[in-house]
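Residue numbers (my numbering): 83 to 419.
So this is what it looks like as structure tokens:
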């Protein structure tokens, strides 16, 4: 597909927190929403405008994702906000790309499929090529993690290493206790390991953050790895998700990722990425350091985390529609503008 001045026609697959945010942004911009799909439940059959909190009808009724009509979707792009794993989203990809739609996916593995699940990445690439469409993973990482690193390194004539340290507020991106419990927040350390959070495939996708920046800079990737550990405090932590208004000391309050990417050229990318409950004075931020000539640093602060997620994805849609067929990562598209 090629871009045009016409408003993109979109389909929303997954009418949860972020699907609803995209629906509201599209309605505000006057972008046509052709259809919406969700798993079976109370949202199916309702008008999307009501489900998304617009307080009015859009004339688009949420369809069951398993039994919905994909045969006559007159749209440019499908926004998939269903799951983080490629394997959990494949039905959505097959249905939407099979209908001739480009894909903007919110799932973390979709940013760099080749490094997260090479087998499924090959299938996605084949689907995109056969149908002449583009597949792109996008969202909050786009500008705050990936492009901020590329821009920091841009002026360098020589680079020896890059490093990102970041802090994300789980409450800023969630609307329920169940959502922040995906990383066992408010559970015991024993539960953290019993549930295998240290081996969680979606969480381990953080390894691709330094990798994507190094790929954009032209380096040859040898290996990307990540380790995960729980974050525990010895003080109470305020929260609006439980009646008491706080979590007790000694429980898991988040996760910490250590990332490392090596390259054939000898340049190393590392990351210390924290997603944890905030303590007084904490600010959500990403901080890039580039060692080389010249040495550069950049700090990005995210003050509206949930909207930043939706805004990055929404503003990337025209680029995806205009891109070549196949898997096209955001680092190949240029910064948002």
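Yeah, the Cβ is synthetic: ideal placement off N, Cα and C, and Gly gets one too.
All values derive from a computational prediction rather than experimental measurement.
By the CB criterion at 8 Å, residue 234 and residue 379 fall inside the cutoff. The region 193 to 210 and the region 163 to 175 touch, with no fewer than 3 CB-CB distances between them shorter than 8 Å. Non-local beta-carbon contacts of residue 351 in its own chain, meaning distances under 6 Å to residues more than five positions away in sequence, involve 244, 292, 296, 343 in chain order.
If you ignore the 5 residues before and after residue 333, its C-beta comes within less than 6 Å of the C-beta of 268, all in its own chain and listed in chain order.
Segment contact: the region 202 to 212 against the region 257 to 277, fewer than three CB-CB distances shorter than 8 Å; contact not assigned.
Here residue 189 is not near residue 93, since their CB atoms are 8 Å or more apart. Per DSSP, the continuous beta strand (DSSP E) segment holding residue 146 begins and ends at 144 to 146. Here residue 187 carries a strand assignment [DSSP, helix/strand/coil].
One Cα belongs to residue 152, the other to residue 139, and the distance between them is close to 22 Å. The Cβ atoms of residue 228 and residue 369 lie no closer than 8 Å to each other.
Going by DSSP, residue 226 is part of no beta strand (DSSP E) at all; its letter is neither H nor E. Under DSSP, residue 240 shares a beta bridge with 375. Assignment of residue 285 by DSSP, reduced to helix, strand and coil, places it in the helix class. Residue state for residue 159 is assigned as strand, using DSSP reduced to three classes. A straight line joining the alpha-carbon of residue 122 with that of residue 149 spans about 9 Å.
Distances from the CA of residue 265 to each of 118, 178, 325, 358 were compared; the closest alpha carbon is that of 358. For residue 339, the uninterrupted beta strand (DSSP E) segment begins and ends at 334 to 345.
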